[in-house]
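Undergrad:
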Amino acid sequence: NAGVTQTPKFQVLKTGQSMTLQCAQDMNHNSMYWYRQDPGMGLRLIYYSASEGTTDKGEVPNGYNVSRLNKREFSLRLESAAPSQTSVYFCASTYLGQGRYNEQFFGPGTRLTVL
Amino acid sequence: GESVGLHLPTLSVQEGDNSIINCAYSNSASDYFIWYKQESGKGPQFIIDIRSNMDKRQGQRVTVLLNKTVKHLSLQIAATQPGDSAVYFCAEKHSGANSKLTFGKGITLSVRP
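Quick look at the structure:
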């Protein structure tokens, strides 16, 4: 199992450009999350999808959109990138239901720089 | 607003010593408290969690202590090893299927050889 995979690993954008960050998991998890991590900060939730077909805003959703394409895939889109969106983005997944739903599994991250 | 935070930004320990990483929280309604470890260049990794009705839980070489009176959470690592060098985050959540995690800012543990 690959776990949670993210593409790309690195990206540089100019202000105003758009891009989509891809995330996929092969653990049959029903819930998926997008976080951003800035220096000296913890992880902040951008959007999440509790189950296929649903998405909800997290703590810092402005400037982002998401799509839960299917059970495996959850993408994050920046329509018009801004320097304030320079960050490391992490995707995570978990199984909500019986068992250890405190344990979110994280991808390796995408390091995004907006010039 | 509610927040989860850490007392110290960095902690340096000698290899073989025990490490204690502390965290203060402010949301009394949280049902679970969780510790994550993040190695350089990687995503966070779950270490251990504790439910709010417990005050201690042990894992492999790690122990989490919860003091609800003073809203304090700690992670103890026994016989610290170089591989324990990482950033550690505490997080909290309410029970419920859609409950989200709130992360603290993180503390760096550096293990001296």
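Sequences listed follow chains W and R, in order.
Going from the first sequence to our numbering is simple: count from 1 and add 313.
Going from the second sequence to our numbering is simple: count from 1 and add 22.
We put the CB at the ideal spot given by N, CA and C, even for glycine.
What's the gap between the Cα of residue 382(W) and the Cα of residue 365(W)?
TA: Taking the first residue of the first sequence as 1, we reach residue 382(W) at position 69. Taking the first residue of the first sequence as 1, we reach residue 365(W) at position 52. Their Cα atoms are separated by approximately 8 Å.
Undergrad: Along chain R, which residues have their Cβ under 8 Å away from the Cβ of residue 334(W)?
TA: The count along the first sequence starts at 1 and reaches residue 334(W) at position 21. Ordered by position in chain R, no residue passes the 8 Å Cβ test against residue 334(W), which lies about 14 Å from the chain.
Undergrad: Would you please verify whether the beta carbon of residue 126(R) is less than 8 Å from any beta carbon of chain W?
TA: Taking the second sequence and counting its residues from 1, the one referred to as residue 126(R) is at position 104. It does; some Cβ of chain W falls within 8 Å.
Undergrad: From the DSSP output, read off the bridge partner residues of residue 110(R).
TA: Looking up residue 110(R) in the second sequence gives position 88. Looking at the DSSP assignment, residue 110(R) forms a beta bridge with 59(R) and 129(R).
Undergrad: Using the C-alpha atoms, what's the distance from residue 96(R) back to residue 376(W)?
TA: As a first step, residue 376(W) must be located in the first sequence, where it is residue number 63. As a first step, residue 96(R) must be located in the second sequence, where it is residue number 74. Rounded to the nearest angstrom, the two C-alpha atoms are 36 Å apart.
Undergrad: Determine the chain R residues that contact residue 375(W) at a beta-carbon separation under 9 Å, and present them in chain order.
TA: In the first sequence, the residue the question calls residue 375(W) occupies position 62. Residues of chain R passing the Cβ test: none, with the nearest at roughly 17 Å.
Undergrad: Could you name the residues of chain R that residue 416(W) contacts, counting a contact when the two beta carbons are closer than 7 Å?
TA: Here the question's residue 416(W) lines up with position 103 in the first sequence. What residue 416(W) touches in chain R: 68.
Undergrad: Take residue 379(W) as the anchor and find which of 372(W), 373(W) and 388(W) has the nearest alpha-carbon.
TA: Here residue 379(W) corresponds to residue number 66 of the first sequence, with the count starting at 1. The shortest Cα separation from residue 379(W) among 372(W), 373(W) and 388(W) belongs to 388(W).
Undergrad: Is residue 407(W) buried or exposed, if buried means 16 or more other CB atoms sit within 10 Å of its CB?
TA: Taking the first residue of the first sequence as 1, we reach residue 407(W) at position 94. That one is buried.
Undergrad: Can you check whether the C-beta of residue 366(W) is within less than 8 Å of a C-beta belonging to chain R?
TA: As a working mapping, residue 366(W) is identified with position 53 in the first sequence. For residue 366(W), the answer is no, since every Cβ of chain R falls outside 8 Å of its Cβ.
Undergrad: So what does DSSP say about residue 398(W), is it helix, strand or coil?
TA: Mapped onto the first sequence, residue 398(W) falls at position 85. DSSP places residue 398(W) in helix when its eight states are reduced to three.
Undergrad: Taking contact to mean 3 or more Cβ pairs, one atom from each stretch, closer than 8 Å, check whether the region 395-402 of chain W and the region 338-346 of chain W are in contact.
TA: Not touching, per the Cβ criterion.
Undergrad: Can you tell me where the beta strand (DSSP E) holding residue 84(R) begins and where it ends?
TA: Within the second sequence, numbered from 1, the residue matching residue 84(R) stands at position 62. Run containing residue 84(R): 84-89, per the beta strand (DSSP E) assignment.
Undergrad: Which bits of chain R does residue 421(W) rub up against, with CB to CB less than 8 Å?
TA: The residue you call residue 421(W) lines up with position 108 of the first sequence. What residue 421(W) touches in chain R: 63, 64 and 65.
Undergrad: With which residues is residue 44(R) paired in a DSSP beta bridge?
TA: For the purposes of this step, residue 44(R) is taken as residue 22 along the second sequence, with counting starting at 1. Answer is 96(R).
Undergrad: Considering only C-alpha positions, which residue in the set 75(R), 70(R) and 37(R) is nearest to residue 51(R)?
TA: For the purposes of this step, residue 51(R) is identified with residue 29 of the second sequence, where counting begins at 1. With distances taken between Cα atoms, residue 51(R) lies closest to 75(R).
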